[in-house]
Structures are given as structure tokens and as C-alpha cells.
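> Residue numbering for the sequence shown is 641 to 807, as defined by the numbering used here. Positions of the beta carbon are idealized from the N, C-alpha and C atoms, including for glycine.
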Amino acid sequence: MLRTCVKSMRGKLLSFAELLFYLFTYLMLGVAAHEYLHYNVLKMLGGEGYAVFTWFGGMVVIEKVPPHPWGMTLVALAGGVGVGLFLLLAAYWDYISKDFEEMTSELIVGFAQLSYGLFEGFFWWMPRPEYYTWAQVAGSAGCLLGLSIGAYLWIRKGWDAWRQGTL
């Protein structure tokens with residue numbers, strides 16, 4: 641009985657460690673891809689600039705604004721929306737293949753990127769102090785939404801396994 645309990649606990653801890661690994665990986669890669677998309681769309685629309693990375697973030701410094709009337713909005717939308725949609729598509733693929741640890745981390749980072757990207761795209765004109773405050777709120781709300789959906793699907797997976805007697 642004790643051996644079964646320890647084995648079950650070991651499996652849960654390994655599953656949680658896998659979730660944390662994927663979460664950290666997608667957070668780091670997501671920042672780089674986010675800025676890369678901003679930079680590429682800026683260049684495609686005729687703007688000039690460069691990307692700057694810090695330990696846990698980054699930004700594209702715009703030296704020449706794109707001449708297109710919607711240029712800044714498209715540049716701002718590109719990063720978070722592009723990465724967010726890609727990660728949500730990957731989460732759907734992992735849901736189908738029943739990899740719930742990776743799916744949950746993709747949902748957390750994907751919804752955070754998507755909500756931050758939508759905020760960034762439509763409110764890039766705000767004064768910087770208010771922008772940074774509300775951008776963090778938007779990203780956090782997306783993160784909580786992804787965590788809620790991922791936790792629900794993960795718990796449902798355990799419930800289904802328990803009902804079928806495979807847990």
C-alpha cells in the first residue's frame with residue numbers, strides 16, 4: 641500500500657516538474673519570438689529599429705516609424721498575437737495527443753501572450769506609466785485564464801482516469 645502511494649506521488653511530482661520545465665521554456669522562447677515578430681513586421685512595413693533583450697523581457701526600439709497609417713498598430717499586434725496564436729494551436733495539438741503538462745504550459749503562456757499582444761496592439765499610444773501598469777494586468781489576466789483552462793482539463797483527465805480505474 642505504501643509503495644503504491646509513493647509511486648503515485650512520484651508520478652505526480654514528475655508531472656509537475658515537467659509542467660514547470662515547459663512553462664519556463666515557453667516563457668523564455670516566447671519573449672524572443674515576441675520581439676522577433678515585432679522586429680520583422682516593423683521591417684516589412686518600412687520601419688527601422690532593433691531589439692533589446694533583458695533577463696526576463698525585451699523590447700523593439702523603433703528608430704523610424706512605418707509610413708503605413710496602421711503601421712504601428714500592426715507592429716504592436718504582431719508579437720503577442722503571433723506567439724499567442726501559435727502556442728494555442730500547439731496546446732490544441734497537445735490536448736489531442738493527451739500531453740496535459742505541455743498543453744497547460746502552452747495555455748498559460750499562450751493566453752498571456754495573446755491578451756498582452758491585443759492590449760499592446762490597441763493601446764500602444766498610452767502614456768508609458770499607465771501603459772506598463774495595464775499591460776501587466778492584461779498579461780496576468782491571460783495567464784490566469786490559461787491556468788484555469790489548463791487546470792480544468794488536467795483535473796478532468798485525472799477524474800476520467802479514476803472513473804475508468806486506470807489511475
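1) Considering just the uninterrupted stretch of the beta strand (DSSP E) at V701, what are its terminal residues?
2) Between the Cα of L793 and those of T744, L685, T665, spot the shortest distance and give me the residue it belongs to.
3) Per the contact definition of three or more C-beta pairs closer than 8 angstroms, is the stretch 739 to 753 in contact with the stretch 688 to 707?
4) Check the C-beta distance from S755 over to A781 and give it rounded, since I have them as a contact under 8 angstroms.
5) Pick out the complete alpha helix (DSSP H) segments inside the stretch 719 to 788, 4 residues or longer, and give them in chain order.
6) Taking the alpha-carbon of L787 as reference, which of A716, R650, L659, K652 has the nearest alpha-carbon?
7) Considering G687, what are the terminal residues of the beta strand (DSSP E) in which it resides?
Concretely, from the data shown:
1) Start and end: 697 to 704.
2) Of the candidates T744, L685, T665, the one whose C-alpha sits nearest the C-alpha of L793 is T744.
3) Contact check between the stretch 688 to 707 and the stretch 739 to 753: fewer than three CB pairs, one atom from each, fall below 8 angstroms, which does not count as touching.
4) Their Cβ separation, rounded to whole angstroms, is 6 angstroms, which keeps S755 and A781 in contact under 8 angstroms.
5) As far as the stretch 719 to 788 is concerned, its whole alpha helix (DSSP H) runs of at least 4 residues are 740 to 762.
6) It is L659.
7) Segment: none, G687 is in no beta strand (DSSP E) and carries neither H nor E.
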